[in-house]
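Step one of this worksheet: look at the structure below.
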Amino acid sequence: MGLLIQLVVYGVSIGAIYGTIKTRLNYIEAKLDKHNNVVERVYKLEKDQAVLDEKQEVANHRIKDLEGLSAQ
Numbered sequence: 000m001g002l003l004i005q006l007v008v009y010g011v012s013i014g015a016i017y018g019t020i021k022t023r024l025n026y027i028e029a030k031l032d033k034h035n036n037v038v039e040r041v042y043k044l045e046k047d048q049a050v051l052d053e054k055q056e057v058a059n060h061r062i063k064d065l066e067g068l069s070a071q
């Protein structure tokens with residue numbers, strides 16, 4: 000009888016620990032998803048910024064070319 004009670008207590012304890020760990024893992028997964036979303040957004044912003052920088056360089060070259068034509 001005592002062995003049965005010990006097994007039940009161990010089972011309940013293990014179940015409680017499992018539940019706690021599962022809850023914490025779910026919380027960490029949610030935080031990781033938020034982090035990954037931020038990383039993806041930053042990557043997209045950096046990519047967009049590179050495109051804008053390239054467009055700015057092209058515009059600057061065009062302005063220099065036009066200034067060179069008007070000086071002649």
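The sequence shown begins at 0 in numbering that gives the first Met the number 0 and counts up by one. Glycine included, C-beta positions come from ideal geometry on N, C-alpha and C.
(message) I need the straight-line Cα distance from alanine 15 to tyrosine 9, nearest angstrom please.
(response) 10 Å
(request) Measure the alpha-carbon distance for glutamate 66 versus lysine 54 and round it to whole angstroms. (result) 18 Å
(message) Rounded to the nearest angstrom, what separates asparagine 37 and glutamate 56 at their Cα positions?
(response) Residue identity differs from the one stated: residue 37 is valine in this sequence, not asparagine. Taking the straight line from one Cα to the other gives about 28 Å.
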